[in-house]
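Take a look at the structure set out below.
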Amino acid sequence: MDFLASLHLEELPEQQTRAAHLSKKFSEDFDLRLGFNCCCSCGNYAKKENFVDCPNCHRVSYCSDACRLEDIQPPIDENEGSMGHSSIICSILKLCNDDDDAEEGLAAATPAALDRLRTELESYPATLANILREAPCYQEFLASVGEEMRIHVIGASEDGELWNGRQDMLEGYTEALVQLAEDFGISTIELHMIGPGCPDCDIDEDRTINFEGNGSKSFNLRLMTHKCLYTSDLIAITSKPHVVAFFNPGFTCPDYDWEETMNLLDCGSAILCTSNTELEGVSDCNYLLDHKLLPHLPPLAAEIMDVEGYGDLTFFAENPYAGTRVRQSGTMANDLYVKSRWMIGGIIAKPEKKRAVDNVF
Numbered sequence: 021m022d023f024l025a026s027l028h029l030e031e032l033p034e035q036q037t038r039a040a041h042l043s044k045k046f047s048e049d050f051d052l053r054l055g056f057n058c059c060c061s062c063g064n065y066a067k068k069e070n071f072v073d074c075p076n077c078h079r080v081s082y083c084s085d086a087c088r089l090e091d092i093q094p095p096i097d098e099n100e101g102s103m104g105h106s107s108i109i110c111s112i113l114k115l116c117n118d119d120d121d122a123e124e125g126l127a128a129a130t131p132a133a134l135d136r137l138r139t140e141l142e143s144y145p146a147t148l149a150n151i152l153r154e155a156p157c158y159q160e161f162l163a164s165v166g167e168e169m170r171i172h173v174i175g176a177s178e179d180g181e182l183w184n185g186r187q188d189m190l191e192g193y194t195e196a197l198v199q200l201a202e203d204f205g206i207s208t209i210e211l212h213m214i215g216p217g218c219p220d221c222d223i224d225e226d227r228t229i230n231f232e233g234n235g236s237k238s239f240n241l242r243l244m245t246h247k248c249l250y251t252s253d254l255i256a257i258t259s260k261p262h263v264v265a266f267f268n269p270g271f272t273c274p275d276y277d278w279e280e281t282m283n284l285l286d287c288g289s290a291i292l293c294t295s296n297t298e299l300e301g302v303s304d305c306n307y308l309l310d311h312k313l314l315p316h317l318p319p320l321a322a323e324i325m326d327v328e329g330y331g332d333l334t335f336f337a338e339n340p341y342a343g344t345r346v347r348q349s350g351t352m353a354n355d356l357y358v359k360s361r362w363m364i365g366g367i368i369a370k371p372e373k374k375r376a377v378d379n380v381f
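In structure tokens form, the structure reads like this:
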């Protein structure tokens with residue numbers, strides 16, 4: 021990201037809210053949203069009119085000036101990894117204001133903000149097509165698919181994978197997937213977007229384009245939406261997928277229940293997931309392993325968790341096709357994320373052996 025480079029940052033500072041000292045409060049009150057409904061520094065509640073907001077970004081709230089000033093100070097403990105509301109975090113959060121204006125279609129929207137929104141939308145087809153095409157663990161599988169391939173994007177939503185109904189959405193997916201199709205001799209891809217967040221009126225559209233440099237052969241993408249949960253009845257209608265994809269599913273979030281979906285996924289299918297942060301990604305790796313959807317922990321996840329990891333049938337890494345829009349967490353005001361910044365994948369297969377440890381978290 022060019023903006024991060026201008027701040028001399030090699031990577032996005034994700035978890036920066038200082039919350040370790042508030043662990044007891046969090047255990048007693050699950051409604052705490054630091055910097056939103058309570059003070060970002062001490063965690064105390066206050067009336068909205070009594071909050072003191074950051075005067076620069078206006079996106080982080082405190083119960084007093086003293087708490088605000090405390091949060092902008094460098095950490096006293098060198099082992100403290102969180103920056104709090106540093107000048108870097110504040111500068112990035114100011115960009116969130118610009119991006120919100122652009123998303124709302126305000127006249128004040130800047131070209132840079134509009135570009136960041138565009139890259140976030142384009143990251144969905146770019147990630148789906150390019151990671152399938154490039155990841156080593158998928159190569160043998162894709163070579164065996166044949167001329168027709170079915171992809172199920174589970175948990176899809178209108179304001180995410182479906183680009184808020186933009187007219188160029190189908191073109192975006194077609195142009196992203198055509199190289200994958202040409203590389204593996206696929207003439208038709210059925211792309212099923214499935215989830216309760218899909219449009220009320222189902223979409224069923226297709227587009228055909230010729231392979232570049234080979235006008236005698238063409239590629240057809242058929243994109244369909246299904247406003248429903250992922251069920252066996254739906255699979256009977258659409259046929260079993262070759263690839264299942266999840267964009268930022270929140271597998272371990274208590275607000276969602278993925279159990280029925282996990283039970284419907286078949287051994288031998290390719291699976292691709294994305295997560296917004298490294299911490300979420302590691303949790304998702306752990307979840308998928310527990311549900312026998314990964315044969316082993318990806319090496320990087322195993323290293324982060326300090327447990328045994330092995331094999332090359334899975335991967336966990338930063339996603340080079342993520343967009344450049346930085347978002348603010350809705351629960352900890354100094355935490356930042358980029359949608360789909362981390363990716364997990366592999367072939368659903370029988371686990372190689374019992375995992376090295378249980379209940380890592």
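Counting in this note's numbering, the sequence shown runs from 21 upward without gaps.
Even glycine gets a Cβ: it sits at the ideal position worked out from N, Cα and C.
If you keep only unbroken beta strand (DSSP E) runs of at least 3 residues inside the segment 346-375, you get 362-367. In this structure, DSSP gives Val-327 a state outside helix and strand, which the three-state scheme calls coil.
Between Cys-157 and Gly-365, the CB-CB gap stays under 9 Å. The continuous beta strand (DSSP E) containing Asp-226 extends over residues 224-231.
Non-local C-beta neighbours of Arg-347 in its own chain, meaning closer than 6 Å and more than five positions away in sequence, comprise Tyr-357, ordered along the chain. According to the DSSP assignment, Val-264 belongs to the beta strand (DSSP E) that extends over 263-267. Within the segment 300-325, complete beta strand (DSSP E) segments of at least 3 residues are not found at all.
Residue environment: Ala-176 is assigned as buried (16 or more neighbouring CB atoms within 10 Å of its CB, all protein chains considered). Taking all protein chains shown into account, Ile-112 has 16 or more neighbouring C-beta atoms within 10 Å of its C-beta and is therefore buried.
In this structure, the straight-line span from the alpha carbon of Ala-265 to that of Asn-339 is close to 14 Å. Cβ-Cβ separation between Thr-245 and Cys-273: approximately 23 Å, too far for a contact (criterion under 8 Å). Note that the C-beta distance between Gln-36 and Ser-107 is not below 9 Å. Pairing Leu-42 with Cys-62, the inter-Cα distance amounts to about 7 Å.
Here Val-72 carries a strand assignment [DSSP, helix/strand/coil].
Take Glu-210, set aside five residues on each side of it, and the residues of its chain with a beta-carbon closer than 6 Å to its own are Arg-170, Arg-242, in chain order. Lys-68 counts as exposed, since fewer than 16 other C-beta atoms from the protein chains shown sit within 10 angstroms of its C-beta. Annotated three-state conformation of Ile-291 is strand, per DSSP. Between the beta-carbon of Met-103 and that of Pro-33 there is about 6 Å, and that keeps the pair under the 8 Å contact cut. For the pair Cys-83 and Gly-55, the Cα-to-Cα distance works out to about 9 Å.
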